[in-house]
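Here the structure is laid out as structure tokens; the discussion comes afterwards.
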Ligand code: PAF
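In the numbering used here, the protein residues as written are 64 to 346.
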């Protein structure tokens with residue numbers, strides 16, 4: 064049987080636990096999550112274990128990154144299953160604060176994000192999002208003081224934003240991106256996939272197919288506008304309302320039309336029924 068991870072819920076208890084984990088100069092890696100863990104999260108934990116001696120996973124559904132119209136209240140919460148998964152991976156510590164611990168009465172400080180956070184992708188549709196993410200991740204980094212922090216590439220703009228923040232604020236954390244884990248039919252794993260009806264779930268495979276098709280056309284030297292329009296058309300025909308389907312510079316996220324301008328990444332966000340999905344691939 065796997066040993067149970069230590070579970071802490073207060074900042075003083077976290078400080079003591081972190082001191083213990085870092086004893087004898089042991090390196091630590093943090094995997095920030097909102098719970099509802101799936102195999103994608105497990106792959107982040109496994110990468111964390113390869114990078115550091117000790118692994119901390121935070122589970123906190125962060126209200127400040129949800130707009131009032133979004134799914135904070137209904138976001139899946141699967142605490143027991145999450146702990147079992149983390150125990151099976153031999154995680155050392157689970158940091159599970161409540162909202163009052165993270166945002167006590169009178170909390171009045173936010174991290175203002177620019178650069179990749181204003182790339183006109185997720186920020187166009189979720190203007191509150193990166194301020195909330197950067198503030199909570201900034202807190203998680205200062206609370207846990209990890210050497211490494213592992214984030215999934217599935218939230219590609221988020222990965223760029225937290226990398227920028229960790230560097231800009233000299234937080235001493237090396238942010239590491241981890242490859243997206245996909246279902247057998249190509250759908251990127253996400254805690255929100257549980258919202259999909261069976262019909263929506265089968266339509267959702269179009270996102271990956273459309274990105275792959277557009278990527279192949281870009282690699283073949285097709286005109287970028289035409290290649291991207293073809294993928295967008297596939298997604299809309301499958302019943303999605305498209306927020307964006309764009310090719311961007313893989314590091315700066317600036318608009319890009321050719322390999323001459325740098326490495327390319329295709330990013331998509333689209334809604335089917337009540338579920339908004341995001342995904343991306345390198346070209
Ligand atoms: O990607 C997520 O699950 C969240 O945005 C994160 C990084 C845990 C911050 O709440």
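Cβ coordinates follow ideal geometry from the N, Cα and C atoms, glycine included.
Exercise. Would you mind giving the Cβ-Cβ distance between residue 253 and residue 217, rounded to the nearest angstrom? I have them listed as a contact below 8 Å.
Key: 7 Å
Quiz item: Using a threshold of 7 Å, is the CB atom of residue 176 nearer than that to any non-hydrogen atom of the ligand PAF?
Solution: no
Quiz item: Are there 16 or more other CB atoms within 10 angstroms of the CB of residue 204, so buried, or fewer, so exposed?
Solution: buried
Quiz item: If you follow the beta strand (DSSP E) that residue 107 is part of, which residue opens it and which one closes it?
Solution: Residue 107 -> not in any beta strand (DSSP E); alpha helix (DSSP H) instead, spanning 102–114.
Quiz item: Mapping DSSP to helix, strand and coil, what is residue 69?
Solution: strand
Exercise. Let me know the secondary structure DSSP gives residue 192 once reduced to three states.
Key: helix
Quiz item: Does the beta carbon of residue 252 fall short of 7 Å from some heavy atom of the ligand PAF?
Solution: no
Quiz item: If you count every other CB in all the chains shown that lies within 10 Å of the CB of residue 183, and 16 or more means buried, which is it?
Solution: exposed
Practice problem: Whole angstroms is fine: what's the gap from residue 70's alpha carbon to residue 85's? | Solution: 16 Å
Quiz item: Whose C-beta lies closer than 6 Å to the C-beta of residue 328 among residues of the same chain, with five residues either side of it excluded?
Solution: 311, 313, 343 and 345
Quiz item: Near residue 173, what residues of its chain come up, given a Cβ to Cβ distance below 7 Å and the 5 sequence neighbours on each side ignored?
Solution: 194 and 198
Exercise. Within 10 angstroms of the Cβ of residue 143, are there 16 or more other Cβ atoms? Answer buried if so, exposed if not.
Key: exposed
Exercise. Would you please verify whether the beta carbon of residue 207 is less than 8 Å from any beta carbon of chain C?
Key: Looking for chain C here will not work: only one protein chain is present.
Quiz item: Leaving out five residues before and five after residue 162 in sequence, what residues of the same chain have Cβ atoms less than 7 Å from its Cβ?
Solution: 126
Quiz item: In chain order, what residues of the same chain lie with their CB nearer than 6 Å to the CB of residue 303, ignoring the 5 residues before and after it?
Solution: 333 and 335
Quiz item: With DSSP run on the structure shown, which of helix, strand or coil describes residue 92?
Solution: strand
Exercise. Return helix, strand or coil for residue 245, following the three-state DSSP convention.
Key: strand
Quiz item: Would the C-beta of residue 183 count as close to the ligand PAF, meaning under 7 Å from any of its heavy atoms?
Solution: no
Quiz item: Can you find a heavy atom of the ligand PAF that lies under 7 Å from the Cβ of residue 239?
Solution: no
Quiz prompt | Helix, strand or coil at residue 159 [DSSP, three-state] | solution = coil
Quiz item: Just to check, is the beta-carbon of residue 105 closer than 7 Å to a non-hydrogen atom of the ligand PAF?
Solution: no
Practice problem: Please name the residue, chosen from 320, 68 and 242, that lies closest to residue 358 on a Cα-to-Cα basis. | Solution: Shown here, the chain extends from 64 to 346; a query on residue 358 therefore has no answer.
Quiz item: Is the CB-CB distance between residue 92 and residue 78 below 8 Å?
Solution: no
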